[in-house]
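Enquirer: Mapping of the sequence shown onto numbering that gives the first Met the number 0: position 345 corresponds to residue 344, and the numbering continues sequentially without gaps.
Note that the Cβ used here is the ideal one computed from N, Cα and C, for glycine as well.
In this text, all values refer to a predicted model and were calculated from it rather than measured experimentally.
Quick one: the structure is below, and I'll ask about it shortly.
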Amino acid sequence: MPYLADLEQSGIPTVLLTYNEEIRKIEHDSVLWGVPELRYVEASRSSPGGVEEADKVMPLLLDGLTRPLTEKERESGRFAPKEPRILFEGTLDEAQEFYQQTESLPGLLGAPFSKYTDGLPIIIPTEERVAEMLKHTSHKPDELITLQRDVEETAGMSRMPRKTDKFMPLGKRITFKKGEPVRFMPIGRVATVEQVAVNAVMAGCKPEYFPVVLAIAESDPGSGGGGRGGAAYIVSGPIYKEIGMNVSYGMFDPCNRANMTLGRVGALLWRNLGGYKESVTTVTTGLGNAVTSRGFIFAECAEKLPVGWQGLNEEMGFRKDESIIMTAHPGAWGLGQEHMPGVYRSLQRTGHGAIARYLDVKGIVGPHNYLEFLTRGIWACREGGFTLVLVPQMAQDLYDYGFKTKDEIYEWIWKKSFEPLGEYRMRGTPDEHTNGWMGIERTSGKHWKELSDDYMVPAGGYGPWDYCILIADCQETASLRFSGGHGQAYSIDAWR
Numbered sequence: 000m001p002y003l004a005d006l007e008q009s010g011i012p013t014v015l016l017t018y019n020e021e022i023r024k025i026e027h028d029s030v031l032w033g034v035p036e037l038r039y040v041e042a043s044r045s046s047p048g049g050v051e052e053a054d055k056v057m058p059l060l061l062d063g064l065t066r067p068l069t070e071k072e073r074e075s076g077r078f079a080p081k082e083p084r085i086l087f088e089g090t091l092d093e094a095q096e097f098y099q100q101t102e103s104l105p106g107l108l109g110a111p112f113s114k115y116t117d118g119l120p121i122i123i124p125t126e127e128r129v130a131e132m133l134k135h136t137s138h139k140p141d142e143l144i145t146l147q148r149d150v151e152e153t154a155g156m157s158r159m160p161r162k163t164d165k166f167m168p169l170g171k172r173i174t175f176k177k178g179e180p181v182r183f184m185p186i187g188r189v190a191t192v193e194q195v196a197v198n199a200v201m202a203g204c205k206p207e208y209f210p211v212v213l214a215i216a217e218s219d220p221g222s223g224g225g226g227r228g229g230a231a232y233i234v235s236g237p238i239y240k241e242i243g244m245n246v247s248y249g250m251f252d253p254c255n256r257a258n259m260t261l262g263r264v265g266a267l268l269w270r271n272l273g274g275y276k277e278s279v280t281t282v283t284t285g286l287g288n289a290v291t292s293r294g295f296i297f298a299e300c301a302e303k304l305p306v307g308w309q310g311l312n313e314e315m316g317f318r319k320d321e322s323i324i325m326t327a328h329p330g331a332w333g334l335g336q337e338h339m340p341g342v343y344r345s346l347q348r349t350g351h352g353a354i355a356r357y358l359d360v361k362g363i364v365g366p367h368n369y370l371e372f373l374t375r376g377i378w379a380c381r382e383g384g385f386t387l388v389l390v391p392q393m394a395q396d397l398y399d400y401g402f403k404t405k406d407e408i409y410e411w412i413w414k415k416s417f418e419p420l421g422e423y424r425m426r427g428t429p430d431e432h433t434n435g436w437m438g439i440e441r442t443s444g445k446h447w448k449e450l451s452d453d454y455m456v457p458a459g460g461y462g463p464w465d466y467c468i469l470i471a472d473c474q475e476t477a478s479l480r481f482s483g484g485h486g487q488a489y490s491i492d493a494w495r
């Protein structure tokens, strides 16, 4: 939409080809981006397509491109809603009913959709509770949420910058400056510290969590893909101990209040500040993300890292004693291992078991390179990098094997993902992110069509930074992984 708006406002006629279930979203976004009467043609997602569908839509597209604009279509403007405070005045029971309201959405086959919550019960945000939350930051209640440091981003295909209304072409790097207001997607609203505090109360956060909540708000939880898929975060630094986050047994399970309520905040900010409403302000068309939609946040246990390995905060350019969050994008969650923990121990201690047989080290005492097993076939039906969550013993084994820094592991895994271009062309997504094979291949700097079928290209992301390793305190030798590597980092301390 921002690209179409830019063309329209430059005097270049455009017509959007869209699907029926996306029309309400298109009508909303065209207002948001200043082209409220943008022309569109409806196509069918389920019809046979091909020549028959082209014969149907082409005359409509040509008509839309050539028919003179009406006076109403020449109008322009930006949708800039002034959101009221969502602090309800009335009895507690009345407030409970108010915040639990739902509405029926035709785009969801009439399913109810919550107006103010993520669908779960909330803590009523009374004036007193919000005021207590606000005591835990030096920032004023009416202060806008702004960037606390410069943030540099790289555009992906169809990637819309979160904090600007300019289209950003694929691969272009752009810097958003400190002090720039955060625009909460998908609607592009701005928000105040107090509005974030209201949502922190609703999520059940304790007041001492508030600096973390504000850092989450700075990241804009709805930014992934323009307001889709929820949000996920990793905490690094001493604040995890201050607020009691679990970094040990069962850290991904329920019952730790900090982990659970902070994980939930992103969904509430996405709904109430970003204006997320499925089939109206955004159209997922898929089934959603069960990992992020119900809250996903955890902290690393950096004190258990091998000597010489940096914590996430240091990797992201902060000091060791600084507390940060990093955005994560776990589109797919996986166990990361297909073996019992005892099989891993046998590999490293005595060189026995299935992994030892696979690595051809039977009878040889470790350390052995577990990554050789872990990456076996990992890119067979997926692409891109991933994050590994390891227990201290597994990290120490990798260190003893020879990986003296995390960077050495990132480089090793990324290079392991290379495959012949002839095989890479058979994958499902490259047609899109190579711009129909008309773009430039990054590792060679050459046009894709200039490369031979045996040229080796990475299926595992653009580079080693697409991987990440974190340590959790657990005695069992088990690892977890999820998609996506290093994300964008935001200071928690800046919001104290």
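1. Ile11: buried (16+ other C-beta within 10 angstroms of its C-beta) or exposed?
2. What first and last residue would you give for the beta strand (DSSP E) that runs through Val456?
3. Measure from the alpha carbon of Leu420 to the alpha carbon of each residue in Val192, Glu449, Tyr398, then state which is nearest.
4. Which residues bound the alpha helix (DSSP H) around Met201?
5. Just to confirm the assignment: which complete alpha helix (DSSP H) runs, minimum length 4, are found wholly within the region 226-261?
6. Using the Cβ count rule (16 or more neighbours within 10 Å means buried), how would you classify Ala4?
7. If you draw a straight line from the alpha carbon of Gln99 to that of Thr116, how long is it in whole angstroms?
8. How many Å lie between Arg441 and Tyr489 at the Cα?
9. Using beta-carbon positions only, say whether Ile186 and Glu152 come within less than 8 angstroms of one another.
10. Distance, Cα to Cα, Trp308 vs Pro340?
11. If we count the other Cβ atoms within 10 Å of its Cβ and call it buried at 16 or more, is Trp436 buried or exposed?
12. Would Val195 pass as a contact of Ile123 if the rule is Cβ separation under 8 angstroms?
13. Just grab the DSSP bridge partners of Val279 for me.
14. Determine whether the beta carbon atoms of Thr136 and Arg381 lie at a separation below 8 angstroms.
15. Three Cβ pairs or more, each shorter than 8 angstroms: is that satisfied between the region 193-213 and the region 457-466?
16. Quick check: Asp472 and Ser322, are their CB atoms within less than 8 angstroms of each other?
17. At a threshold of 7 angstroms, does Leu16 count as lining the ligand MG (C-beta to nearest heavy atom)?
18. What beta strand (DSSP E) runs, 3 residues minimum, are completely inside the region 393-446?
19. According to DSSP, what are the bridge partners of Thr326?
20. Check whether the region 399-418 and the region 350-364 are in contact - that is, three or more C-beta pairs closer than 8 angstroms.
21. Buried or exposed for Val306, going by 16 or more other Cβ atoms inside 10 Å?
22. If we ignore side chains and look at the alpha-carbon of each, how far apart do Glu241 and Val197 end up?
23. My assumption, with CB atoms under 8 angstroms, is that Phe182 sits in contact with Val192. Please give the rounded CB distance.
24. What does DSSP give as the partner residues of Phe112 in its beta bridges?
25. Apart from the five residues on each side of it in sequence, which residues of its chain come closer than 7 angstroms, Cβ to Cβ, to His446?
26. Since Ile324 and Ile215 should fall inside the 8 angstroms C-beta cutoff, what is the C-beta to C-beta distance between them, to a whole number of angstroms?
27. How would you call Val50, buried or exposed, if buried means at least 16 neighbouring beta carbons within 10 angstroms?
28. Would you check if the distance between the CB atom of Glu277 and the CB atom of Leu68 is smaller than 8 angstroms?
29. DSSP state of Ala137, grouped into three classes?
30. Should Tyr275 be labelled buried (16 or more other beta-carbon atoms within 10 Å of its own) or exposed?
31. Cα separation between Asp359 and Arg344?
32. List the endpoints of the continuous beta strand (DSSP E) containing Phe297.
33. Excluding the five sequence neighbours on either side, which residues of its own chain have a C-beta within less than 8 angstroms of the C-beta of Lys165, listed in chain order?
34. According to the neighbour-count rule (16 or more other Cβ atoms, all chains shown, within 10 Å of its Cβ), is Ile363 buried or exposed?
35. Give every residue of the same chain whose Cβ lies closer than 6 angstroms to the Cβ of Glu498, excluding the five residues on either side of it in the sequence, and list them in chain order.
36. Any idea which residues DSSP pairs Leu16 with across the strands?
Expert: Let me lay it out:
1. Counting from 1 along the sequence shown, the entry for residue 11 is found at position 12. Exposed is the call here.
2. Within the sequence shown, residue 456 is the residue found at index 457, counting from 1. Here the beta strand (DSSP E) through Val456 covers 455-457.
3. The sequence position of residue 420 within the sequence shown is 421, counting from 1. Nearest option by C-alpha distance: Glu449.
4. The residue labelled residue 201 in the question sits at position 202 within the sequence shown. Run containing Met201: 192-202, per the alpha helix (DSSP H) assignment.
5. Listed in chain order, they are 238-242.
6. Start at 1 with the first residue of the sequence shown, and residue 4 comes out as number 5. With 16 or more Cβ atoms within 10 Å of its Cβ, Ala4 is classed as buried.
7. Counted from its first residue, the sequence shown places residue 99 at position 100. Counted from its first residue, the sequence shown places residue 116 at position 117. Cα to Cα, Gln99 sits roughly 7 angstroms from Thr116.
8. For the purposes of this step, residue 441 is identified with residue 442 of the sequence shown, where counting begins at 1. For the purposes of this step, residue 489 is identified with residue 490 of the sequence shown, where counting begins at 1. Roughly 28 angstroms between the two C-alpha positions.
9. Numbered from 1 along the sequence shown, position 187 holds the residue referred to as residue 186. Numbered from 1 along the sequence shown, position 153 holds the residue referred to as residue 152. No, the Cβ-Cβ distance between Ile186 and Glu152 is not below 8 angstroms.
10. Mapped onto the sequence shown, residue 308 falls at position 309. Mapped onto the sequence shown, residue 340 falls at position 341. Spanning the two alpha carbons is a distance of roughly 24 angstroms.
11. Locating residue 436 in the sequence shown gives position 437, counting from the first residue. Exposed is the call here.
12. Stepping through the sequence shown from its first residue, residue 195 is reached at position 196. Stepping through the sequence shown from its first residue, residue 123 is reached at position 124. No. Outside cutoff.
13. What you label residue 279 is simply residue 280 of the sequence shown in a count that begins at 1. Val279 is not bridged to any residue.
14. The count along the sequence shown starts at 1 and reaches residue 136 at position 137. The count along the sequence shown starts at 1 and reaches residue 381 at position 382. Not a contact, by the Cβ cut-off of 8 angstroms.
15. no
16. For this step, residue 472 is matched to residue 473 along the sequence shown. For this step, residue 322 is matched to residue 323 along the sequence shown. With contacts defined by Cβ atoms closer than 8 angstroms, Asp472 and Ser322 do not form a contacting pair.
17. With respect to the ligand MG, the structure shown offers nothing to examine, as it has no ligands at all.
18. 417-419
19. Against the sequence shown, residue 326 aligns to sequence position 327. Partner(s): Tyr232.
20. no
21. Numbered from its first residue, the sequence shown carries residue 306 at position 307. Burial check for Val306: the Cβ neighbour count within 10 Å stays below 16, so the residue is exposed.
22. Position 242 of the sequence shown, counted from the start, is the residue given in the question as residue 241. Position 198 of the sequence shown, counted from the start, is the residue given in the question as residue 197. Cα to Cα, Glu241 sits roughly 22 angstroms from Val197.
23. For the purposes of this step, residue 182 is identified with residue 183 of the sequence shown, where counting begins at 1. For the purposes of this step, residue 192 is identified with residue 193 of the sequence shown, where counting begins at 1. According to the sequence displayed, residue 182 carries Arg and not Phe. Actually they are not in contact, since the Cβ atoms of Arg182 and Val192 sit about 16 angstroms apart, beyond 8 angstroms.
24. Within the sequence shown, the letter at position 113 stands for residue 112. According to DSSP, which records beta bridges pairwise, Phe112 is partnered with Glu102.
25. Numbered from 1 along the sequence shown, position 447 holds the residue referred to as residue 446. Only Ile439 meet the Cβ criterion.
26. Counting from one through the sequence shown, the residue named residue 324 turns up at place 325. Counting from one through the sequence shown, the residue named residue 215 turns up at place 216. Indeed, because the Cβ distance is near 6 angstroms, the residues count as touching under 8 angstroms.
27. Here residue 50 refers to the residue found at position 51 of the sequence shown. Burial is judged here by how many other beta carbons sit within 10 angstroms of a residue's own beta carbon; Val50 has fewer than 16 and is exposed.
28. For the purposes of this step, residue 277 is identified with residue 278 of the sequence shown, where counting begins at 1. For the purposes of this step, residue 68 is identified with residue 69 of the sequence shown, where counting begins at 1. Against a cut-off of 8 angstroms, the Cβ pair of Leu68 and Glu277 comes out as no contact.
29. Sequence index remark: in the sequence shown, residue 137 carries index 138 (1-based). Note that residue 137 is Ser in the sequence shown here, rather than Ala. Assigned with DSSP and collapsed to three states, Ser137 falls in coil, not helix or strand.
30. Translated into positions along the sequence shown, residue 275 becomes position 276. Buried is the call here.
31. Translated into the one-based positions of the sequence shown, residue 359 becomes position 360. Translated into the one-based positions of the sequence shown, residue 344 becomes position 345. One alpha carbon belongs to Asp359, the other to Arg344, and they sit about 16 angstroms apart.
32. Position 298 of the sequence shown, counting from 1, holds the residue named residue 297. Residues 296-298.
33. Residue numbering aside, residue 165 sits at position 166 when the sequence shown is read from its first letter. Confidence in Lys165 is poor, its pLDDT being 37 and thus under 50, which makes the residue's placement too unreliable to answer from.
34. What you label residue 363 is simply residue 364 of the sequence shown in a count that begins at 1. Looking at its Cβ environment, which holds fewer than 16 other Cβ atoms inside 10 Å, Ile363 is exposed.
35. Beyond the ends of the chain as shown, which are 0 and 495, falls residue 498; an answer cannot be given.
36. Walking along the sequence shown from the start, residue 16 turns up at place 17. Per DSSP, Val40.
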